[in-house]
Every structure is written in C-alpha cells, then in structure tokens.
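For the record, the sequence lines run as chains A and B.
Sequential numbering of the first sequence, starting at 6, is according to the numbering used here.
Sequential numbering of the second sequence, starting at 845, is according to the numbering used here.
Backbone N, C-alpha and C fix where the C-beta goes; we use that ideal spot for every residue, glycine too.
Because the structure is a prediction, the values reported are computed rather than measured.
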Amino acid sequence: MKGIRRWQPCVDHRGPETEQFARTYFADPERKCLLIAGGGFDPRASVAAGLLSSTLGERLSAIIVREERPLPSRRIVALADANVRLLQSLVTNSIVESIQIFDSDGAVVGGRNAVEAIRKNSLDGVTDVVIDMSALSIGVSFPIVRYVLEFAEHAEARINVHVMVLSAPYHDEQRRRVSNDVVSLVHSFHGDLKLHSRSESAKLWIPQLSVAKQSALERIYAAGSFDDVCPILPFPSSHARAGEAIAEHFMEQLDGAWEVDARNIVYACEDDPVDVYRTILDIEEQRRPVFEGTVKSVVVLSPVGSKAVALGSLMAAVERALPVVYVEALKYDLPAKETPMTSDEIMLHVWLHGEAYPAAEQRL
Amino acid sequence: MANPFEKRATEYLRDSDTFLSIVTPEPLKTFLETPAQEERLYDRLTIITGTPGSGKTTIASLLQFHFVDSLRRNQNRTGYSSLVQALTACGAIDEDGRPRVAGVRLPLEAEYRDFWQLPYPTATRTRLVLALLQARAILGWFRNITMTGQYRLEDLRLVARPGAQAAVDHMGGLNPVAARDRAVEVERAVYGIGAALVPPNSEETFPEAARAAYHPFDVLEAIELKDADGPLSVQPLVMLDDAHTLHPNQLAELNRNLARRELRIARWVLTRVDALTPTEALLSATSTGTASPQIGRDVTHIAMQKGEDRESQRRAFRRMARDMADRYLRQMPEFSRRGHDKFSDLLETAAEPLSESTLHKLRREVDSTCTALRITATRRARFAEDINQYCAGTKSTDVGEDIRLAMLMILCHRYAKRVPQATLFDVVEDADPAKPIKADAAVAAGARVHLHHKFGRPYYYGIEAVCDAASDNAEQFLHLAGRLVAKAETRIVRNRNAVLEAKLQHTELCAGAEGILRAYDYPFAQEVEALTKAIAKQCLDKTLEPNAPLDGGASAVGILQRDFDAIPASQPRLASVLQFAVGYNAITLAQNYGQGGKNWTLLELGGCVLVSNGLTLRRGGFLERTVPQIAGLLPEDET
Chain A
6 MKGIRRWQPC
16 VDHRGPETEQ
26 FARTYFADPE
36 RKCLLIAGGG
46 FDPRASVAAG
56 LLSSTLGERL
66 SAIIVREERP
76 LPSRRIVALA
86 DANVRLLQSL
96 VTNSIVESIQ
106 IFDSDGAVVG
116 GRNAVEAIRK
126 NSLDGVTDVV
136 IDMSALSIGV
146 SFPIVRYVLE
156 FAEHAEARIN
166 VHVMVLSAPY
176 HDEQRRRVSN
186 DVVSLVHSFH
196 GDLKLHSRSE
206 SAKLWIPQLS
216 VAKQSALERI
226 YAAGSFDDVC
236 PILPFPSSHA
246 RAGEAIAEHF
256 MEQLDGAWEV
266 DARNIVYACE
276 DDPVDVYRTI
286 LDIEEQRRPV
296 FEGTVKSVVV
306 LSPVGSKAVA
316 LGSLMAAVER
326 ALPVVYVEAL
336 KYDLPAKETP
346 MTSDEIMLHV
356 WLHGEAYPAA
366 EQRL
Chain B
845 MANPFEKRAT
855 EYLRDSDTFL
865 SIVTPEPLKT
875 FLETPAQEER
885 LYDRLTIITG
895 TPGSGKTTIA
905 SLLQFHFVDS
915 LRRNQNRTGY
925 SSLVQALTAC
935 GAIDEDGRPR
945 VAGVRLPLEA
955 EYRDFWQLPY
965 PTATRTRLVL
975 ALLQARAILG
985 WFRNITMTGQ
995 YRLEDLRLVA
1005 RPGAQAAVDH
1015 MGGLNPVAAR
1025 DRAVEVERAV
1035 YGIGAALVPP
1045 NSEETFPEAA
1055 RAAYHPFDVL
1065 EAIELKDADG
1075 PLSVQPLVML
1085 DDAHTLHPNQ
1095 LAELNRNLAR
1105 RELRIARWVL
1115 TRVDALTPTE
1125 ALLSATSTGT
1135 ASPQIGRDVT
1145 HIAMQKGEDR
1155 ESQRRAFRRM
1165 ARDMADRYLR
1175 QMPEFSRRGH
1185 DKFSDLLETA
1195 AEPLSESTLH
1205 KLRREVDSTC
1215 TALRITATRR
1225 ARFAEDINQY
1235 CAGTKSTDVG
1245 EDIRLAMLMI
1255 LCHRYAKRVP
1265 QATLFDVVED
1275 ADPAKPIKAD
1285 AAVAAGARVH
1295 LHHKFGRPYY
1305 YGIEAVCDAA
1315 SDNAEQFLHL
1325 AGRLVAKAET
1335 RIVRNRNAVL
1345 EAKLQHTELC
1355 AGAEGILRAY
1365 DYPFAQEVEA
1375 LTKAIAKQCL
1385 DKTLEPNAPL
1395 DGGASAVGIL
1405 QRDFDAIPAS
1415 QPRLASVLQF
1425 AVGYNAITLA
1435 QNYGQGGKNW
1445 TLLELGGCVL
1455 VSNGLTLRRG
1465 GFLERTVPQI
1475 AGLLPEDET
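What follows is the structure, given as structure tokens:
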C-alpha cells in the first residue's frame, strides 16, 4: 500500500513548459531568485542561467560553484573559465565559490565543502532558490539541495526551492572520467546504512547503470554487501536501444557477480525524474513491510548516470532518508571535440518546496 | 552459485559455508605462520600491507570468530581440515582445536575519514573515531560470537585488565548486555555527528554518549564463553581493514593509539600499498612512514608483496592459486559430475607445434639465414647436434622441430655476432666464436617467443602461465581463470572434452589480460597505461632481436638503485604514477637487484601487461635505463 508521498502530486515541467513556467512565474517583480549553478567545463553550465536572467534581470543573483579537482587539464580549465565568464555576464550579481572536491590525501570532501560554501552566503531576502544540477556532480549537488531544502523548511519567510536540469542522457553517457578509487556515501545521505544495527538488514541496491561508470559501479558492489540488486535502465529513452546497449555492457555483472534476476531490472524514463522518484518509492514501499518484523530493509541508491535520473533519486533519498553511494570522479576526459548541445536536450524543472505545496508547509 | 570465479572477491560471499568452501588457507600460512610462531601477532599492533586483491580481506574475514568457530565444529568436511591446520599454525586455534582469539573485521570506510573534516581539534576528532571503532568492535565481537547460535550473549563474561575500573564503568560495566547497550548508544551518537549535514558547533552540543569517555580497548583482556567442552577464554582481536581510507595523520594517530603496550586486545591494521606516500610505497626500506610507530619493537609489519625472496613468493602464490581454483571448481556441479576437480587438469600442457606449411616456411627461412650469415654446413651441423643433445636431455616436451629450427636461427645470429666480421678482401671461413655458443633452455625460451611473434604459435598456456599472468594477485588470477573455466564449462555442456588446448588458452588469457587493462580506472591510470605500453614496446624490440640477447626476452627496465631512490624528490609526477602502477599490479618493483656489479631497481611489467604484449612471464631480463629516460615515456603533462 502506498503511503503519503511528499512529491505526489509534484509540480514539474519539461522542455518548452519549463521555459514558459520560468517566463511567467519569475516575471512577478516581487520574486528575488538565487541561482546555484556549476561553473565547470560542462557545456550545460549556463543554459538555466540564460533562461532565468532573461526574465529576472537584476532580481537574479547567483552562486557559481566551481568544483576543483587535482591536476585538471588546461583544456578543461579553459572551458570552465569560459563558462564562468558567461555565467557572470548573464548574472551580474554573482559570486564564484571554488570548492575542493578532494583533500590533499585524496579523500572526498566536496559535499561538505559545498554545504559550507552555500552556508556562508545568506539566503535572506530571497523568495526562490533554483539549483541547476546540470553542471554539478551528485557529490556536490545532493548536499546543496538538501541544505537549501532544510534551510527553506525552517526559514521564517517562505522560500521556494526549485531544481533545474538540462537533461542530456547521451551527453552524460559519453562523458569519460577517471574514478577515484574509494567508495563514498554522498555527504549527508548516509541514512542508517553504516549503523551496526543495520549490518544484518536486507540491502537492496538500485544502481543506475552507465557504461562510463562501469568500474565505479563494480567497486560500489564490491564494497556494499548487497543482498539484491535492481539496476535502473533507461526506458523510454530518446535512443530506442539505449537500455539494451547498456545492459549488454553489464552482462558479466548482471549474469555473474551481481546475480540479477531479469525481473529485477527497473525501467525508468530517462528524462522524467518524477517517474524515477515514484518507481524507487514503489520498490521501497513494497519491500519495507516484508522485512519490517525481522532484519528490516535498506534501499541504497547509486544514481551515477544521467542527471534526470539522479534528480529523481535525490527526491526519493531526501524523502525516505535513503543512503546514496557513489565513486567520485577524480578527473574528466573530454573527447577530442566536445559534442555541442542540440535541441534533443530537454530542460527539466521540479518544484521541491514552497507555495506549490501548501499542505506540506502547514505540516512543517 | 553459478560460476564462483565470477564472484572473485571474497567480500561478496557472506554465507559461512560458501566462504569456507572456497577460501584457501595459503595466505595464512604464507604471511602469518612465521610471526605467529615468533609470538608477535597478537600481543602488539600488526600492520599488514598489500596491493588491492592480494588477499588482505580474505585473511581478515577468515579470522573472524564465527568462521573460526564454524570451522572447528565441522573439521571433517572436505577442505576444512587444511583451513583448521592453517588457523592452528597461525595461532588462532589451539592444539585442541579451540579458538584462541575472537576476531572481528571492521572495514574502515570513508565515513571514518569524514571525521577528519569536522571543525574540532585533532584530539576531539581522534576521540570520536576511536569511540566509533571501539563501539563497533564491541558490537562486532558480540555478533560474531553469538552468530552461530552456540553461545548466548547473556552467558559471556568480559574479563577486564586489573586497575581499569573507571574505564570499565565508561563502557557500561562488564555485563555483556549492558556493554552492548552502551556500545549501541555510543555508536549512534558518534555516527550522527559524522553523518550530519552541518556538524554541531562545538563539543558542548554533542549528544551525551559522544561526549563521555569510552575506552573498551583499554579495558578488555579476554572474553570467556561457556563452551560444551568447558569454559573457553578468547583474546579479542580487532582487524581494521582498508585503513588507507583514513587521512595519513588520522592513521598515524590511530596507530599510535593502538601501539600502546598496555592494550591487551590483539589489533591488526590492514592497508593498501598505494595508500602510502610515493616515498613509502616505492623505496625499498620496509616502512609505513609517519603512519607507523617504531617498527620492530612496537609493531609487527607484514608486507604481502615486498618479500625478499621473490621466487619463493611466486611459488607460494602458485600453490595458493591452484588450491583456490580447485576449491572454486568443486563448487560447480558440471565439473564435479564429470570428475574434474583440478583446475590445472583442464589446461592442456602440450605445445601446439606449427603446421607443416608454416614449418616449411621456417625451414626455408633458416636456410636463407645461414646463407646470408655465411654459416658453413659444418658449423650448422654442429649447432644442430648441440640442439639435439639439449632436446634429448631436457625435461621439457616442447622441443619439436619448430623449436629446434628457431633455436638454430638464434644460434646462427649469435655466432655471426661473435666472430670477426669478414671484409670483401679478407674472408674468414668458419672462425670459432670469441665466446662459446651453446644450446640450452634459455635459447629454447627465446625460440618460443620468436615463434609466437613470427607465426602466432601459442605462448601462454598451462596453470603456471595463468598464475604468473596474475602478478601474484588472487583477484586477477580468478578473473583470468574464470574465462578458461567458462570455456571448459561450455564444452562440457556441449558434451565435448573439457580440456582446453594451448591455442585456446593462449587466446583467452590474452583477451582476459587486455580486458583487465581496459577496465583499469584509478588515479593516473592513463599515465600508467602510456608508461607500461612504452616500456613493453622497448622490451619487445629487444626480445625480437634475432640473436635473442636476453634469451626469453625482457620484461622489465632497470634503474640504478641510487637513482631510483631519488625519484620521489626529483620526479614527483613519475613517483605518483609508479605508486599507482605498483598499487594496481601494472608494475612490480624488484629492488636491490644485483647485476654486473651494480645495484638495480627493476620496474617489472605486470603479468597482464606482459601477456597483452606477448612478452615473457619469466623474470630477470631487463633493459638498462635512466630516470629521465623513464620519465620521458610519460605522456605530456596537461596541467
């Protein structure tokens, strides 16, 4: 039986609807919006800023989060610099927060640093906070969204929290990276996973399969002691065979080490975060009562693929305090020629907190 | 379980029966028996270092109390007795088959490292980590002991060292139920601080359980159990696995704390080689650097890769790998039904000679070489006789005509290099060489590698090739062996002979090695790939010189030891690349290798790199290089 869900119904928009929403909603002169966006090499970095600045003008301010990784290539730095300049030209009232993703010993500290960077900037006087996850890694964007949500929930004045993502699954899948070699929990997304009392719990792992992150996923599995695996494959997807192609790459894991029953494969729409959110909650709710009286169930997420699926996983993780396990990228490799953004990419918007959910605000 | 080889890491296997049926006792014997006999394994801090997949976690898992207890209760089951013997040899079980230690393995995951980021003084951060570790160790010991259902928590008796009453009170007393409840409380409180989105502002705002003193390691001396054979007293053993996750200073603090002599519990810290600094990881002195207290007196250090006697280490690994593969194979009913219980029996060891047409081509090539090099018929006949004599006396069965012809080619080229060069006006007929030329196993090794590259003759086959290709790494071995087992399984299913011929073994090993290299994804992986490819290319060029100057060929480059020792200071980028190359088995270091009156460090290519480039798996053949030459092989620094 389905319980009450925080984001069901959910206010979300896709593609032209997002643009229309932004143009009408933010046109209200009372709205003062803070954009938190990534200032990295990702070509998607400035799309949301462009959309918002055209409507909000001077009422838009921004925190540009620049993720610093060790020994970046000159090309990556140049692209990131160009994106930051573009963001600054779009949002004149902006500051750049550089955060180190790794400490000197290689430990992942990006999430904690990101929260500190946002914390030191006041959110007072802001009516809306938009977090653009398009050019932020999950290790950084997840804690930021959680922090802003918690801040907004406890703020005296109403603050609306939105997340935007330029969904480009093909782009995400093409992105090659060098993984750090340590499996981490995303900062503040620990759940109770590591408590001793949970060591006997029935652990279900829901990884989002991605060819680019195959070794990272193998590493997570090796470290996780999972009892069951329900991998997420994209379907429907813009490339009809995208799911099959990914499954083919993971055949050894699915058939071998992970022992995945074909019935356990989860299909989720590649650019619909709310579909992913509902699917994860459905699984969690069906499983919980089975183990309730005994060892209890833990659902662990690894949304390491496309950004839209990551957003859906984030919503589920926030709502049910689910642990999120990942392997941070040590560095990215750009293809010889970066694929330009095309019209296939869809801007997604999910309204997470605020006046769209008056009942939830009342509960708080 | 479908194909257990595909599981590879033993972390995947939590069920006692499955784990014990496939785990091999060899690492225990190889690494723990000697320190156990010298009684320096359980009375002081023990630090164990090794590369990923070298078996650290397997050792730690096997020493956990519930596995030890299951084993001693089922000693008669197939394969268990050897494990019991190994555990006895390393002091975990006494001569009467009763456990002496109660082990618990605590993986030090990234959450412990998180505490180092908290905005508190070092002492507070260390105290929090120690409290979390101690709480989890207490819970882990209780869980391990009660897991098999043989002992009840209420029946345990905690024994404290004399004079530690205050600390006893802090851990909730010696009543096991109260001690467990206190540990649960401390764990939850400290965990909450580390996992918080925004940490508490100061210690004053910590939950009470995280503020109060908690030092069960300082207190505990033994745990007494009510066993069917009478009271049983076990020494608590905590094994902190993957300690490389901690910040170096955090690890140093931890080690310093665990090295205190007043502690009565046994404590091991297991860490990866690449977690050390480049200096520590690369230099020959056995060191754990700042992370370690004084070695020798306070600490027992066990290095799983840096053995002095590398040949015996390789032999030990081969033994372990065989045993492990046989145990895995026994889990597969398809094989046991057909009576295949030995992995090595699935691998044909007979060489696959060249076809008649290729052989004909080789004969003609030998003839033209002799003509070109002006080898007289008498000289050629003498070489052929030497070769026949060697072939008749050798134990190797791989001495068919193709090998003999290839050996003859090598001898002819060696002869041509060792006689004075003739000029147009001064022809020296059949001169004797400056140094005698003889046909032996080394020339035969050169012949085999030449035939492989010229005619595609299978080169890697047999159990030893699989073991050596794995670079003494259990996980890589299982990966490579798993491919071969899968092929054999398919044949069985198709009612065909399961034994794999040399050619198929060679093809599968090459594909497996390339697959492993392709999947490498770790810091500096691209630089490691570029470096190893460049070294392999140079080794291959040398190997394929017609006179086979390094017999079976080169598999390494050598740098003068004193120059190598300066790498961390003079070439920091190269040092970091080498650190990870060593950590991930792409390169193995052999230090203080004496040759030609000089002291060398050999950078030996890892087994998978050798296989994917068709180089010899034998050690010893190396090219002399300088540090700048090696650094010059790295790709351009893009930063």
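Handout entry: With 16 other Cβ atoms within 10 Å as the buried cut-off, status of ARG1162(B)
Key = Counted from its first residue, the second sequence places residue 1162(B) at position 318. With a 10 Å radius around the Cβ and a threshold of 16 neighbouring Cβ atoms, ARG1162(B) comes out buried.
Problem - Within 8 Å, strictly: CB atoms of TYR331(A) and ILE143(A) - result: If you number the first sequence from 1, residue 331(A) lands on position 326. If you number the first sequence from 1, residue 143(A) lands on position 138. TYR331(A) places its beta carbon less than 8 Å from that of ILE143(A).
Handout entry: Euclidean distance between Cα positions of ALA42(A) and VAL134(A)
Key = Within the first sequence, the letter at position 37 stands for residue 42(A). Within the first sequence, the letter at position 129 stands for residue 134(A). Distance between the alpha carbons of ALA42(A) and VAL134(A) is about 11 Å.
Practice task
Compare the C-alpha of GLU1468(B) against each of ARG1462(B), SER1156(B), TRP1444(B) and name the closest.
Solution key: Taking the first residue of the second sequence as position 1, residue 1468(B) is located at position 624. Relative to GLU1468(B), the option among ARG1462(B), SER1156(B), TRP1444(B) whose CA is nearest is TRP1444(B).
Practice task
Compare the C-beta of GLU955(B) with all C-beta atoms of chain A and state if any pair is closer than 8 Å.
Solution key: Numbered from its first residue, the second sequence carries residue 955(B) at position 111. Yes, contact with chain A.
Practice task
Please decide whether ALA1313(B) counts as near chain A, where near means a Cβ-Cβ distance under 8 Å.
Solution key: Taking the second sequence and counting its residues from 1, one reaches residue 1313(B) at position 469. No, ALA1313(B) lies away from the interface with chain A (no Cβ there is under 8 Å from its Cβ).
Handout entry: Contact list for LEU335(A) against chain B, beta-carbon separation under 7 Å
Key = Locating residue 335(A) in the first sequence gives position 330, counting from the first residue. PRO1367, listed in chain order.
Handout entry: Pairwise C-alpha distance: ILE1146(B) and PHE875(B)
Key = Against the second sequence, residue 875(B) aligns to sequence position 31. Against the second sequence, residue 1146(B) aligns to sequence position 302. So the alpha carbons of these two residues sit roughly 7 Å apart.
Handout entry: Buried or exposed by the 16-neighbour rule on C-beta atoms within 10 Å, applied to LEU339(A)
Key = Locating residue 339(A) in the first sequence gives position 334, counting from the first residue. Counting the other CB atoms within 10 Å of its CB gives LEU339(A) a total below 16, which places it among the exposed residues.
Practice task
Please say whether ILE68(A) and ASN126(A) have beta carbons closer to each other than 8 Å?
Solution key: Within the first sequence, the letter at position 121 stands for residue 126(A). Within the first sequence, the letter at position 63 stands for residue 68(A). For ASN126(A) and ILE68(A), yes; Cβs fall inside 8 Å.
Problem - Candidates LEU962(B), ASP1167(B), GLU877(B): closest to THR922(B) by CA position - result: For this step, residue 922(B) is matched to residue 78 along the second sequence. Across the set LEU962(B), ASP1167(B), GLU877(B), the C-alpha of ASP1167(B) shows the shortest separation from the C-alpha of THR922(B).
Problem - Helix, strand or coil at SER94(A) [DSSP, three-state] - result: For the purposes of this step, residue 94(A) is identified with residue 89 of the first sequence, where counting begins at 1. In this structure, SER94(A) counts as helix in the three-state DSSP scheme.
Problem - Contact the segment 1005-1012 of chain B vs the segment 1078-1094 of chain B: 3+ CB pairs below 8 Å - result: Counting Cβ pairs under 8 Å, fewer than three are found: no touch.
Problem - In DSSP terms, what PRO951(B) is bridged to - result: The residue labelled residue 951(B) in the question sits at position 107 within the second sequence. ASP1085(B), per the DSSP bridge assignment.
Exercise for the section: Would you decide whether LEU76(A) is buried or exposed? Buried here means 16 or more other CB atoms lie within 10 Å of its CB. Expected result: Taking the first sequence and counting its residues from 1, the one referred to as residue 76(A) is at position 71. By the beta-carbon neighbour count (other beta carbons within 10 angstroms, threshold 16), LEU76(A) is exposed.
Problem - Straight-line gap, GLU333(A) to GLU72(A) (C-alpha atoms, nearest Å) - result: As a working note, residue 333(A) is residue 328 in the first sequence. As a working note, residue 72(A) is residue 67 in the first sequence. Answer to the nearest angstrom: the Cα atoms are 12 Å apart.
Handout entry: ASP1316(B) burial status per 10 Å Cβ neighbour count (16 or more: buried)
Key = In the second sequence, the residue the question calls residue 1316(B) occupies position 472. By the Cβ-count criterion, ASP1316(B) is buried, with 16 or more other Cβ atoms from all chains shown falling within 10 Å of its own Cβ.
Practice task
With 8 Å as the threshold, decide whether the Cβ of TYR1035(B) is near any Cβ in chain A.
Solution key: As a first step, residue 1035(B) must be located in the second sequence, where it is residue number 191. TYR1035(B) counts as touching chain A.
Problem - Within chain B, the residues that VAL188(A) reaches when beta carbons sit closer than 9 Å - result: The sequence position of residue 188(A) within the first sequence is 183, counting from 1. The contacting residues are GLU953, ALA954.
Practice task
Give a yes or no on whether the C-beta atoms belonging to LYS336(A) and GLU955(B) are separated by under 8 Å.
Solution key: The sequence position of residue 336(A) within the first sequence is 331, counting from 1. The sequence position of residue 955(B) within the second sequence is 111, counting from 1. Their beta carbons are not under 8 Å apart, which means LYS336(A) does not touch GLU955(B) by this criterion.
Practice task
Return yes when the Cβ of TYR1303(B) is within less than 8 Å of the Cβ of GLN1349(B), no when it is not.
Solution key: Locating residue 1349(B) in the second sequence gives position 505, counting from the first residue. Locating residue 1303(B) in the second sequence gives position 459, counting from the first residue. Taking the C-beta atoms as reference points, TYR1303(B) is found no nearer than 8 Å to GLN1349(B).
Exercise for the section: Identify which residue in ARG11(A), VAL96(A), GLN25(A), GLY261(A) has its Cα closest to the Cα of CYS38(A). Expected result: The residue you call residue 38(A) lines up with position 33 of the first sequence. Of the candidates ARG11(A), VAL96(A), GLN25(A), GLY261(A), the one whose C-alpha sits nearest the C-alpha of CYS38(A) is VAL96(A).
Handout entry: The beta strand (DSSP E) enclosing THR1144(B), as first and last residue numbers
Key = Here residue 1144(B) refers to the residue found at position 300 when the second sequence is read from its first residue. Taken as a continuous stretch (DSSP letters only), the beta strand (DSSP E) holding THR1144(B) covers 1143-1147.
Handout entry: Length of the line joining the Cα atoms of THR878(B) and CYS934(B)
Key = Within the second sequence, residue 878(B) is the residue found at index 34, counting from 1. Within the second sequence, residue 934(B) is the residue found at index 90, counting from 1. Each residue's alpha carbon lies about 8 Å from the other.
Problem - Per-residue DSSP class, three states only, for PRO1020(B) - result: One-based indexing of the second sequence puts residue 1020(B) at position 176. When secondary structure is reduced to three states using DSSP, PRO1020(B) falls in the helix class.
Problem - Check whether VAL1343(B) and GLU1245(B) have beta carbons under 8 Å apart - result: Locating residue 1343(B) in the second sequence gives position 499, counting from the first residue. Locating residue 1245(B) in the second sequence gives position 401, counting from the first residue. The Cβ-Cβ distance between VAL1343(B) and GLU1245(B) does not fall below 8 Å.
Problem - Three-way DSSP call (helix, strand, coil) for VAL150(A) in this model - result: Residue numbering aside, residue 150(A) sits at position 145 when the first sequence is read from its first letter. In the displayed model, VAL150(A) falls within a helix according to three-state DSSP.
Practice task
Could you name the residues of chain B that VAL114(A) contacts, counting a contact when the two beta carbons are closer than 7 Å?
Solution key: Here residue 114(A) refers to the residue found at position 109 of the first sequence. Neighbours of VAL114(A) on chain B, chain order: GLN961.
Handout entry: Distance between GLN881(B) and GLU1068(B) (C-alpha atoms, nearest Å)
Key = For the purposes of this step, residue 1068(B) is taken as residue 224 along the second sequence, with counting starting at 1. For the purposes of this step, residue 881(B) is taken as residue 37 along the second sequence, with counting starting at 1. Those two C-alpha atoms are separated by around 24 Å.
Exercise for the section: Give the interface partners of THR1089(B) over in chain A, defined as CB-CB distance under 7 Å, in chain order. Expected result: Counting from one through the second sequence, the residue named residue 1089(B) turns up at place 245. Correct list: VAL187.
Handout entry: PRO1075(B), DSSP secondary structure in three states
Key = What you label residue 1075(B) is simply residue 231 of the second sequence in a count that begins at 1. Per DSSP, reduced to three states, the secondary structure at PRO1075(B) is strand.
Handout entry: Best match in LEU1252(B), ILE891(B), LEU1404(B) for proximity to ARG1223(B) [C-alpha to C-alpha]
Key = Here residue 1223(B) refers to the residue found at position 379 when the second sequence is read from its first residue. Relative to the Cα of ARG1223(B), the nearest Cα in the group LEU1252(B), ILE891(B), LEU1404(B) belongs to LEU1252(B).
Exercise for the section: Whole angstroms is fine: what's the gap from GLU360(A)'s alpha carbon to VAL314(A)'s? Expected result: In the first sequence, the residue the question calls residue 360(A) occupies position 355. In the first sequence, the residue the question calls residue 314(A) occupies position 309. Cα-Cα distance, rounded: 25 Å.
Exercise for the section: Taking 8 Å as the cut-off, decide whether the C-beta atoms of VAL101(A) and GLY55(A) are in contact. Expected result: Your numbering for residue 101(A) matches position 96 in the first sequence. Your numbering for residue 55(A) matches position 50 in the first sequence. The answer is no: Cβ separation not under 8 Å.
Handout entry: Which of helix, strand or coil DSSP assigns to GLY359(A)
Key = As a position in the first sequence, residue 359(A) is number 354, starting the count at 1. Coil.
Handout entry: Helix, strand or coil at ASN1093(B) according to DSSP, with G and I counted as helix
Key = As a position in the second sequence, residue 1093(B) is number 249, starting the count at 1. It is helical.
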